[in-house]
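In this note's numbering, the protein residues as written are 90 to 766. Cβ atoms here follow ideal geometry from the backbone N, Cα and C, with glycine treated the same way. Everything below concerns the one structure shown next.
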């Protein structure tokens, strides 16, 4: 008998719907408005001042979101058990190298994917998606041996597909505002991989990580959205349920306290739960809006273009006597901008930050700025401020900053997304080529005889490198003509061999790799754009307080508040920090409050129908097509529909496939007992 759960020695009984009898049909039962939902835990520290009362007012507490029977707290969920349970199920399910197209076929979908989703979907446990993505990362890192490489990739794909199906069921079973809040908790709530593990297992296998900052019980926690980005789960991220949460976080409809690896200026006195935002219930100077990804993106774009203006003015006045005021402003402002970029890198680690579209450009500019600073200080020591080499080094930053500006203005452009991916391949292949072709340079130099060394009649290192570089790019063949200088036979042989390998083989491999990368990205254009937008959204929700201080005030805040944090209590530091943030960003916060209170769009599920309200449908004659579908049928119409077409008579292809695979032909004609809209 076929075991759809993949476990040995467990016979599977089939119910009337073609499902295993031990699997609940929760995915096909739409709950009412009183469906249990996770509660929003209050702040761990209650304060009595006005600032804290304003913060608590930002947590929305609508009656629609309050339920009498909440799901179990996240701290009691068996994350460690679920991780190993899922790994055991996936290992027992497949042993062949399938692809995502194979899993989407009706038969394999019914025999492997759907039973796993039915078994793992639990309305009272929101850690399942997190545990599936943990296993996906583990399978991707286990593909070291050639014998299991393809199988582990298939298992990783299965984990991603099941995670997207489980998230979709949560979305289907929980409509409206409570559903959005639940999906946000699934993706943005922090979980510890060793949560509820046995004590001896945790003591033996949990290794120390440096540094660990106190976060009121939220240390060592990761989110499902972060794991999806790390594992490049583009199928999961591009799903409608995940994008619904990403859009809500990006526009600030869902607010929460982000988790990070390390903060330069930490302020973890209060941890706000995941909640829905209402601009009418927050203070005018709501400093927490500065971490909204959409607002954060606009602020960072303005800060970058201010950096570009200061750089342009510095280079236009580079011939002034001494150091111009523009250069002083540029040097100080760029130091604050560098501090902000460094905080962004260490917030979640380089592995995640490198997924950002312009991360390689920022790192390149920071390297140029560091070299410029050192050389400029040397020019100041030598007294050559007007004709020093520091500004010459700074000229290299022009193509980097202008390209960075184009990337910032069009982050969703598929051409720039392709360039980001191709730069990685180009850098790796170029490094390997330089490493291998260094042998040709050493061989040519070591062919020089002792007589040539004594007479000095031999090409220098720089000359040989220039000849090889010209041959590499097909610019000039001088090196081939001068190769007899090294040796009559071996010199030309080495040069011609280098020309074949470098100019022909290297370029052919490079073009093939870049073409393959570009074709793969173009073929999945929609998923690639959604993945990059998700990365931008996740990185835009900042946890570090240093991001609330614009450059160069962040340097002053770091110098002032970091020592102050060691001398006062956490409550006092939080009060001082919030006061300075609100004072420094008062014009920006006032503008944000004005725009959100005037133009905040209430979600459609929150709008109440008014019999006497008048709505303009536009000048299109086809407006009634959408309106008739949005208007839900009354109960008497539903009763007539049930009499005409009972849901038991609706065929379900996957049920038929499962029944036929078990050889039970009568069961293949059974129908789904309930169909949701």
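Helix, strand or coil at residue i according to DSSP, with G and I counted as helix
i, result
"residue 168", "helix"
"residue 364", "strand"
"residue 371", "coil"
"residue 311", "strand"
"residue 578", "coil"
"residue 358", "coil"
"residue 427", "helix"
"residue 605", "helix"
"residue 114", "Because residue 114 carries a pLDDT of 34, less than 50, the predicted location of this residue cannot be relied on, and the following value inherits that uncertainty. In the structure shown, residue 114 sits in coil (DSSP, three-state: anything other than H, G, I, E or B)."
"residue 621", "helix"
"residue 444", "coil"
"residue 198", "helix"
"residue 403", "helix"
"residue 654", "helix"
"residue 701", "Note that residue 701 scores 45 on pLDDT, short of 50, meaning its location in the model is unreliable; the coordinates nonetheless yield the value given after this. Three-state result, residue 701: coil."
"residue 438", "coil"
"residue 188", "coil"
"residue 410", "coil"
"residue 150", "Note on residue 150: pLDDT 42, under 50, position unreliable in the model; the coordinate value appears next. DSSP places residue 150 in coil when its eight states are reduced to three."
"residue 768", "Coverage of the chain is limited to positions 90 through 766, which leaves residue 768 absent and any answer about it impossible."
"residue 330", "helix"
Cβ-based neighbour list, residue i, same chain, cut-off 7 angstroms, excluding 5 preceding and 5 following
i, result
"residue 349", "436, 437, 632 and 633"
"residue 310", "279, 280, 281 and 348"
"residue 332", "619"
"residue 643", "425, 428, 429 and 635"
"residue 579", "536"
Beta-carbon contacts of residue i that lie in its chain and below 6 angstroms, excluding the five residues immediately before and after
i, result
"residue 607", "507"
"residue 132", "Residue confidence for residue 132 is low, a pLDDT of 37 falling below 50, so the modelled location carries little weight and cannot support an answer."
"residue 224", "175, 176 and 248"
"residue 685", "368"
"residue 220", "171, 172 and 175"
"residue 617", "506 and 610"
"residue 291", "283"
Test item: CB-CB of residue i and residue j under 8 angstroms
i, j, result
"residue 380", "residue 682", "no"
"residue 518", "residue 602", "yes"
"residue 178", "residue 249", "no"
"residue 284", "residue 166", "yes"
"residue 433", "residue 442", "yes"
"residue 403", "residue 393", "no"
"residue 205", "residue 217", "no"
"residue 474", "residue 570", "no"
"residue 680", "residue 373", "no"
"residue 472", "residue 461", "no"
"residue 384", "residue 425", "no"
"residue 515", "residue 489", "no"
"residue 468", "residue 459", "no"
Chain-order list of residues whose beta-carbon lies under 8 angstroms from that of residue i (same chain, five-residue window excluded)
i, result
"residue 130", "Low confidence applies to residue 130: its pLDDT is 39, below 50, so where it sits in the model is not reliable enough to give any reading."
"residue 320", "222, 225, 226, 229, 245 and 249"
"residue 241", "228, 229, 231 and 232"
"residue 352", "302, 432, 436, 632, 633, 634 and 635"
CB-CB length for residue i against residue j, believed under 8 angstroms
i, j, result
"residue 676", "residue 422", "In fact, because the Cβ distance is near 19 angstroms, the residues do not count as touching under 8 angstroms."
"residue 637", "residue 670", "4 angstroms"
"residue 635", "residue 591", "Between residue 591 and residue 635 the Cβ distance is about 46 angstroms, and since that is not below 8 angstroms, they are no contact."
"residue 503", "residue 457", "Their Cβ separation, rounded to whole angstroms, is 28 angstroms, which puts residue 503 and residue 457 out of contact at 8 angstroms."
"residue 625", "residue 575", "Contact flag wrong, Cβ pair sits at about 53 angstroms."
"residue 399", "residue 415", "7 angstroms"
"residue 186", "residue 252", "Between residue 252 and residue 186 the Cβ distance is about 20 angstroms, and since that is not below 8 angstroms, they are no contact."
"residue 356", "residue 662", "7 angstroms"
"residue 377", "residue 344", "7 angstroms"
"residue 545", "residue 557", "Incorrect: roughly 22 angstroms between the Cβ atoms, too far for contact."
"residue 277", "residue 314", "6 angstroms"
"residue 328", "residue 256", "7 angstroms"
"residue 444", "residue 318", "6 angstroms"
Residues sharing a beta bridge with residue i, DSSP
i, result
"residue 283", "Residue 283 is not bridged to any residue."
"residue 343", "365"
C-beta neighbour in chain D for residue i, strict 8 angstroms
i, result
"residue 574", "Annotation note: the requested chain D is absent from the structure, which comprises a single protein chain."
Contact test: residue i Cβ vs the ligand MG heavy atom, cutoff 7 angstroms
i, result
"residue 323", "Ligands are entirely absent from the displayed structure, and the ligand MG is therefore not among its contents."
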